[in-house]
Structure formats: structure tokens, C-alpha cells
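Working notes, beginning with the structure itself.
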Amino acid sequence: MIGIDFGFGALEAEFWRLVFVMTRIGAALFAAPLFGAMTVPPQVRVCLTAAIAILVCAWTPVAGPANLLSLPGMLAIANEVLIGLSMGFVLQWSFAAPIIAAEVIGGGMGMSIATTADPVSGAHSPALGQYFSVLMTVLFLGLGAHLNWFALLVESYRSFPPGATWFSAGRMELITGFGTQMFLTAIAIALPVTLLLLLVQVVAGVISRSAPSLNLFSLGLPAGVLAGIVAMLVSAPLFVDRLTDLSATAVEQVAEVMAR
Numbered sequence: 315m316i317g318i319d320f321g322f323g324a325l326e327a328e329f330w331r332l333v334f335v336m337t338r339i340g341a342a343l344f345a346a347p348l349f350g351a352m353t354v355p356p357q358v359r360v361c362l363t364a365a366i367a368i369l370v371c372a373w374t375p376v377a378g379p380a381n382l383l384s385l386p387g388m389l390a391i392a393n394e395v396l397i398g399l400s401m402g403f404v405l406q407w408s409f410a411a412p413i414i415a416a417e418v419i420g421g422g423m424g425m426s427i428a429t430t431a432d433p434v435s436g437a438h439s440p441a442l443g444q445y446f447s448v449l450m451t452v453l454f455l456g457l458g459a460h461l462n463w464f465a466l467l468v469e470s471y472r473s474f475p476p477g478a479t480w481f482s483a484g485r486m487e488l489i490t491g492f493g494t495q496m497f498l499t500a501i502a503i504a505l506p507v508t509l510l511l512l513l514v515q516v517v518a519g520v521i522s523r524s525a526p527s528l529n530l531f532s533l534g535l536p537a538g539v540l541a542g543i544v545a546m547l548v549s550a551p552l553f554v555d556r557l558t559d560l561s562a563t564a565v566e567q568v569a570e571v572m573a574r
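Okay, here's the thing in C-alpha cells:
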């Protein structure tokens, strides 16, 4: 399979077939927002990749390239990596929507300066972003959407076996088109809170104009924070419904990308 014979016969061929299958699965787990987090040890990710690859080899007649180190073999590996990265990246679109909504809400509340280190991406994100990220993760796992994503990952070997043509301009356009839906979802999540915050800021501005001696920052910032917290408590059921739909939409988008 790689053009090099170590003398182990069929066992060696089966091993390189397993390694070839692991490329798509490993790329998908690397790009996925949950399994590709910095807090997940690489050893755990490799073990999970190998476990899924064993099941794929047992359930599907996957055949690797005859010579893995040749140009066709390298192109086949690149195609596998591209498919896996696309399946994980589509999930990133869905998990980014709550973070964008948290940025908008935090800016209206005056809490943009309250940032914390995000253990998933390693970057700094607003404190509200951590709340929405945890809520999205709990709903995604609680609804079993990750199991559906794994099922689509295994099914992709039947829909697009190694060597099949997957890359196309229309498919890349479909993936980038999901970004529009991400921004629309973020706006729908943040809209109820931001409308109330806008009303509070307008009232604070009117008061500051009518009584110039009042300190706008000492009046507007606590009022904005308090109004934002109250609005988030009232809108909590709406947040749960939106994020639940977003979890289902994330898996549906992956299914659309994998559709022929």
C-alpha cells in the first residue's frame, strides 16, 4: 500500500489501511469545536480516531491507494483531509454564533472589558461568551447531536469513498454560505437583550441631558449591566430554544455538505 514491504504481509496492509482511514477522521476531530479543543489531550484524540477507524474498516469496504507515497496517494490523502476538515469546520460555524451574540450583548452592557481565556480555542473571549459556549456545549451533547455527527462521519465513507471526487466550487460555496446563517442566528439570539439595552441607553442619555450634573458613566453603566442581566434572565427560555435549534442545524449542515 505504501510501496515499502516490511515483511508482515496482510497484517501490514491492514495497518496502513487503518492509518489511511484515520486521516479523514483525525482531520474532522481536529477541526470540530469540542473534540479539537486545546483542553483535549492529543493522546485522547488519537485513541478516539483509531477506535472510529477500526469500526469504519469493519463496517465499510474502504480500500486505500495502492502506493501511499506516490503522487496519487498523496492526493488521496489530501482529499481525505479536506473532507474531514470540512465536516469539523461546519460545526465551528454553529458554535461561533453564540460567541458573536455574546460579543454584541456584552458591548451593550459595557462588559466587553471583562474577558477570560477560552479553554476551547485558547484565545480571549468575553465573560458572557463563556456562558453561551458552555450552554451550547451542554445542549449539543445532551441532545445527542455529537452521535449524529459521528454517524455522518462514518456514513461519509459510503457516500464518498476514498478516491471519489468531492471537492467542487459549489460545495465550497455551500460551506461559506453557512456563515450567513450563523450571523442571522447570532442576531436573533442577541436582539431581545440589545433592544432593552438600547432603551436603557436612550433613557440614560435623556437624563444626562436634562441633568448635566449627573455622571453619565456612574449612572449608565450600572443601569446597563442590571438591565442586561434582567433581560438575559427573562430571555433564558428563548436562548435555550435558539441553541437547541442551532444544535440540530449544525448536524443538518454537515449532512448537506456530505450529500451528493
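Following the numbering used here, the numbering of the sequence shown begins with 315 at its first residue and continues without gaps.
Don't be surprised by glycine CBs; every beta carbon is placed ideally from N, CA and C.
### First through last residue of the alpha helix (DSSP H) which encompasses N381
Note, N381: premise wrong, no alpha helix (DSSP H); not H, not E.
### Query
Three or more C-beta pairs closer than 8 Å, one from the segment 338-350 and one from the segment 403-410: is that the case here?
Of all C-beta pairs linking the segment 338-350 to the segment 403-410, three or more are shorter than 8 Å, placing the two stretches in contact.
### Query
Can you tell me the Cα-Cα spacing of L511 and M423, whole angstroms?
7 Å
### Query
Going along the chain, which residues of its own chain have a beta-carbon closer than 6 Å to the beta-carbon of P551, five neighbours each way excluded?
Nothing meets the Cβ criterion.
### Query
Do you know whose CA, among M546, A573 and F464, lies nearest F446's CA?
Put simply, of M546, A573 and F464 the residue whose alpha carbon is nearest the alpha carbon of F446 is M546.
### Task
Just the C-alpha distance for L362 and L385, rounded to the nearest angstrom, thanks.
29 Å
### Task
Excluding the 5 residues preceding and the 5 following M486 in the sequence, name in chain order all residues of the same chain whose CB lies nearer than 6 Å to its CB.
none
### Task
Locate the alpha helix (DSSP H) running through F553, then write down its first and last residues.
That run of the alpha helix (DSSP H) goes A550 to M572.
### Query
Given a threshold of 16 other Cβ atoms within 10 Å of its Cβ, counted over all protein chains shown, does L557 qualify as buried or as exposed?
Buried.
### Task
Could you say which of A390, Q444 and A537 lies nearest to I521 if we only look at CA atoms?
With distances taken between Cα atoms, I521 lies closest to A537.
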